[in-house]
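Residue numbers (this note's numbering): 54 to 337.
By construction, the Cβ of each residue, glycine as well, lies at the ideal position given by its N, Cα and C atoms.
First comes the structure, then the notes that go with it.
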């Protein structure tokens with residue numbers, strides 16, 4: 054066989070080799086689909102934040118409308134997040150964000166109403182670093198983010214209402230209407246009748262008129278114990294009144310909020326309001 058023929062024969066065999074031991078075996082192997090697959094990185098593969106949800110889902114969960122309708126209303130500018138109109142589809146919000154639909158604040162959670170009979174020694178706050186707070190007492194009441202309406206001093210006792218319902222909160226904080234709370238006050242000495250009348254009629258403290266809804270002695274008790282009804286969300290006004298008249302308050306106990314009382318709620322315990330109680334509260 055001549056060298057030329059040999060060379061030609063080798064040329065004919067080119068491309069039919071198995072590739073084993075061939076310098077191009079790696080290339081051939083990869084060409085047969087054995088190449089390692091690189092995972093594509095995209096926004097979709099990123100882990101989702103459990104504290105966030107799509108705005109349309111947030112609205113739908115609030116019971117206002119369906120997700121599709123929410124998208125339509127987002128697009129036409131009916132939705133605000135933290136004071137700014139949002140028209141972006143797929144926008145995500147946190148549960149702590151303020152979301153308003155057509156001007157009304159909404160929440161993706163069901164409305165919850167918890168009534169606590171507060172003991173002494175607990176601060177009325179949901180801030181951290183304040184020692185024992187009323188939030189510790191209602192920690193097991195619900196997974197919903199509820200907050201106390203108004204305040205009771207750390208050493209004050211009695212009823213405190215918690216909710217995530219902004220309409221009910223506004224009802225309490227409305228300066229003209231509000232919701233009346235009834236307190237039993239124990240003073241360090243008997244309240245003079247002329248001072249009781251002065252509180253009934255209202256009087257000025259540092260140039261500001263101080264008034265209460267009602268005040269009276271408690272029947273069957275000594276004159277150092279009085280019932281007093283106010284619509285203020287705090288109880289600072291009580292100390293303001295009696296400090297001005299030279300009395301020290303020994304004990305403050307909120308015994309009623311509107312139609313709600315401490316009946317069947319031991320000190321330090323709570324209960325969920327019934328549907329009827331909630332309806333009555335909303336009609337006050």
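Can you name the start and end residues of the alpha helix (DSSP H) that residue i belongs to?
{"i": "residue 219", "result": "219-226"}
{"i": "residue 336", "result": "328-336"}
{"i": "residue 159", "result": "Looking at the DSSP string, residue 159 is not in any alpha helix (DSSP H); the run it does join, the beta strand (DSSP E), is 157-159."}
{"i": "residue 153", "result": "Run containing residue 153: none in the alpha helix (DSSP H); it sits in the beta strand (DSSP E), 152-154."}
{"i": "residue 127", "result": "120-128"}
Which first and last residues belong to the beta strand (DSSP E) in which residue i is found?
{"i": "residue 216", "result": "210-216"}
{"i": "residue 261", "result": "261-263"}
{"i": "residue 135", "result": "No beta strand (DSSP E) holds residue 135; DSSP gives it neither H nor E."}
{"i": "residue 267", "result": "267-270"}
Expressed to the nearest angstrom, what Euclidean distance is found between the alpha-carbon atoms of residue i and residue j?
{"i": "residue 267", "j": "residue 310", "result": "14 Å"}
{"i": "residue 182", "j": "residue 176", "result": "11 Å"}
{"i": "residue 145", "j": "residue 139", "result": "10 Å"}
{"i": "residue 129", "j": "residue 330", "result": "38 Å"}
{"i": "residue 294", "j": "residue 314", "result": "24 Å"}
{"i": "residue 154", "j": "residue 132", "result": "5 Å"}
{"i": "residue 141", "j": "residue 197", "result": "27 Å"}
{"i": "residue 292", "j": "residue 302", "result": "7 Å"}
{"i": "residue 212", "j": "residue 125", "result": "43 Å"}
{"i": "residue 97", "j": "residue 193", "result": "Legend: pLDDT at residue 97 = 47, less than 50; position of this residue unreliable, value from coordinates given subsequently. Each residue's Cα considered, the two are about 36 Å apart."}
{"i": "residue 328", "j": "residue 233", "result": "20 Å"}
{"i": "residue 334", "j": "residue 231", "result": "11 Å"}
{"i": "residue 137", "j": "residue 108", "result": "13 Å"}
{"i": "residue 164", "j": "residue 325", "result": "11 Å"}
{"i": "residue 118", "j": "residue 322", "result": "36 Å"}
{"i": "residue 248", "j": "residue 235", "result": "19 Å"}
{"i": "residue 242", "j": "residue 209", "result": "19 Å"}
{"i": "residue 149", "j": "residue 195", "result": "17 Å"}
{"i": "residue 38", "j": "residue 237", "result": "One cannot answer for residue 38 here, as it falls past the ends of the chain, which runs 54 to 337."}
{"i": "residue 160", "j": "residue 123", "result": "14 Å"}
{"i": "residue 219", "j": "residue 111", "result": "16 Å"}
{"i": "residue 276", "j": "residue 298", "result": "15 Å"}
{"i": "residue 273", "j": "residue 255", "result": "26 Å"}
{"i": "residue 306", "j": "residue 221", "result": "22 Å"}
{"i": "residue 283", "j": "residue 143", "result": "47 Å"}
Taking all protein chains shown into account, decide if residue i is buried (16 or more other Cβ within 10 angstroms of its Cβ) or exposed.
{"i": "residue 168", "result": "buried"}
{"i": "residue 262", "result": "exposed"}
{"i": "residue 319", "result": "exposed"}
{"i": "residue 260", "result": "exposed"}
{"i": "residue 171", "result": "buried"}
{"i": "residue 269", "result": "exposed"}
{"i": "residue 203", "result": "buried"}
{"i": "residue 332", "result": "exposed"}
{"i": "residue 353", "result": "Given a span of 54 to 337 for the chain in the structure shown, any question on residue 353 remains unanswerable."}
{"i": "residue 227", "result": "exposed"}
Going by DSSP, what residues sit across from residue i in a beta bridge?
{"i": "residue 237", "result": "280, 306"}
{"i": "residue 49", "result": "With the chain represented from 54 up to 337, any question about residue 49 goes unanswered, as that position is not in the structure."}
{"i": "residue 146", "result": "106"}
{"i": "residue 170", "result": "212"}
{"i": "residue 319", "result": "Looking at the DSSP assignment, residue 319 forms no beta bridge with any residue, so it has no partner."}
{"i": "residue 286", "result": "None, per the DSSP bridge assignment."}
{"i": "residue 325", "result": "167"}
{"i": "residue 257", "result": "262"}
{"i": "residue 313", "result": "310"}
For residue i, does the three-state DSSP call read helix, strand or coil?
{"i": "residue 252", "result": "helix"}
{"i": "residue 298", "result": "coil"}
{"i": "residue 195", "result": "coil"}
{"i": "residue 293", "result": "helix"}
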